[in-house]
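A.B. asks: Protein chains in written order, with the numbering used here: chain U, 2 to 121; chain L, 2 to 121.
First the structure, which I've put down as C-alpha cells, then a few questions once you've had a look.
Number of protein chains: 2
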Amino acid sequence: MSFDPETLRYDAAGLIPTIAQDADSGEVLMMAWMNADAVAQTLETGKVTYWSRSRQAFWIKGETSGHTQELIDLRVDCDRDCLLVMVRQVGPACHTNRRSCFYTAVRDGAEVELSQPMTD
Amino acid sequence: MSFDPETLRYDAAGLIPTIAQDADSGEVLMMAWMNADAVAQTLETGKVTYWSRSRQAFWIKGETSGHTQELIDLRVDCDRDCLLVMVRQVGPACHTNRRSCFYTAVRDGAEVELSQPMTD
Chain U
2 MSFDPETLRY DAAGLIPTIA QDADSGEVLM MAWMNADAVA QTLETGKVTY
52 WSRSRQAFWI KGETSGHTQE LIDLRVDCDR DCLLVMVRQV GPACHTNRRS
102 CFYTAVRDGA EVELSQPMTD
Chain L
2 MSFDPETLRY DAAGLIPTIA QDADSGEVLM MAWMNADAVA QTLETGKVTY
52 WSRSRQAFWI KGETSGHTQE LIDLRVDCDR DCLLVMVRQV GPACHTNRRS
102 CFYTAVRDGA EVELSQPMTD
C-alpha cells in the first residue's frame, strides 16, 4: 500500500507526536511534533524534520547545531496518530547537550539525573 | 529533589504524552497519555496507568486483557512535557495483539507490515 502523509491522524493543530529512537542503541532520544509536510520532507530528504511549535516553522533537526538525525526507518502506530523514527543521531539529541532528553528518572519519590551534558 | 506530578507540563486537556519502552529489549511498544493522577497512581502501584481519552477514565494497562505493564523506571524529559516509562510488558502491548503498536514501516513510499498478531 502506498503511503500518503495525509492519511495520518493529526491533532487539532495539525500535528502528530513523533518519537526518535537511536537505531543502533535503541535509546529513546526525544519526542517532538511533525505536520504532514514535515513527514513528507523527512521521507524525501532522509533528514528528520519536525515542526517547531514555539517558532511555528520547520525544524530540520541539527541544521544549526550540527546534531542531525539521519532517518533509518519511519514507523506508524496502529491508530496512525503517532510516529516512531529510527535515526542515526550525531552528537546530543537534547538541547541541554545530553544524548537523550529523558535524562531524569523518578526513583523512590525523588528526581535523579542519569546523564551529564556531552563535551565536544 | 522530591518529585511532584503537578510540576510536569500538561497540555490543555491536562494530559502528557507517555512513551512505553520494553525495559529488556529496548523496543518502543506504544504511546499513550497520562494525567497527573495517572502519573501518581503509576508510581504508587507500579502498574502503568494511562488516561483513556476515548473513555475519559483511568486505564490500568492490561487490567482486562491481562497484558500488563510493570513499571521498571519512569523518566521525565528536559521540557517536562513528555514521559518515558520503561516497562516489563506481559504479552502484546498493542490492541491488535502485536507486541508493539509501531508495526508498520514506510519504505520506498509504501507501507510494510513488520509483525503479525501474537498467538497465545
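Built from N, CA and C at the ideal position, the CB exists for glycine as well.
1. Are the C-beta atoms of residue 38/U and some chain L residue less than 8 Å apart?
2. In chain L, which residues lie less than 7 Å from residue 107/U when you measure between Cβ atoms?
3. Given that residue 120/U touches chain L, what residues does it touch there, using C-beta distances under 9 Å?
4. Looking at residue 9/U and residue 43/U, is the spacing between their C-beta atoms short of 8 Å?
5. Would you kindly check if the distance between the Cβ of residue 73/L and the Cβ of residue 32/U is under 8 Å?
6. Below 8 Å CB to CB, which residues in the same chain sit around residue 80/U once its five sequence neighbours on both sides are set aside?
7. What residues from chain U crowd round residue 103/L, counting only those whose CB sits closer than 9 Å?
8. Assign residue 70/L to one of two classes, buried (16 or more other C-beta atoms within 10 Å of its C-beta) or exposed (fewer than that).
9. Taking C-beta pairs closer than 9 Å, name the residues in chain L that residue 65/U reaches, listed in chain order.
10. Find the nearest neighbour of residue 39/U within the set 57/U, 26/U, 24/U, judged by alpha-carbon distance.
11. Buried or exposed, going by whether 16 or more other CB atoms sit within 10 Å of the CB of residue 111/U?
12. State the DSSP-derived secondary structure class of residue 6/L, mapped to helix, strand or coil.
C.D. replies: A quick look at the data gives this:
1. Working through the first sequence from its first residue, we reach residue 38/U at position 37. Taking Cβ atoms only, chain L never reaches closer than 8 Å to residue 38/U, which makes this a no.
2. By one-based count along the first sequence, residue 107/U stands at place 106. 4, 44, 75, 77, listed in chain order.
3. If you number the first sequence from 1, residue 120/U lands on position 119. Under the 9 Å cutoff, chain L gives no residues; its nearest Cβ is about 18 Å from residue 120/U.
4. For the purposes of this step, residue 43/U is taken as residue 42 along the first sequence, with counting starting at 1. For the purposes of this step, residue 9/U is taken as residue 8 along the first sequence, with counting starting at 1. Cβ atoms of residue 43/U and residue 9/U: not closer than 8 Å.
5. Taking the first residue of the first sequence as 1, we reach residue 32/U at position 31. Taking the first residue of the second sequence as 1, we reach residue 73/L at position 72. Going by C-beta atoms, residue 32/U is not nearer than 8 Å to residue 73/L.
6. The count along the first sequence starts at 1 and reaches residue 80/U at position 79. So the list reads 10, once near-sequence residues are dropped.
7. The residue given as residue 103/L occupies position 102 in the second sequence. What residue 103/L touches in chain U: 20, 76, 77, 78, 79, 83, 84, 85.
8. As a position in the second sequence, residue 70/L is number 69, starting the count at 1. Per the 10 Å Cβ criterion, buried.
9. Start at 1 with the first residue of the first sequence, and residue 65/U comes out as number 64. Here the premise fails: no neighbours, minimum Cβ distance about 18 Å.
10. Residue numbering aside, residue 39/U sits at position 38 when the first sequence is read from its first letter. The shortest Cα separation from residue 39/U among 57/U, 26/U, 24/U belongs to 57/U.
11. Locating residue 111/U in the first sequence gives position 110, counting from the first residue. When all chains shown are included, residue 111/U counts as exposed.
12. For the purposes of this step, residue 6/L is taken as the residue at position 5 of the second sequence. Note: residue 6/L maps to helix in three-state DSSP.
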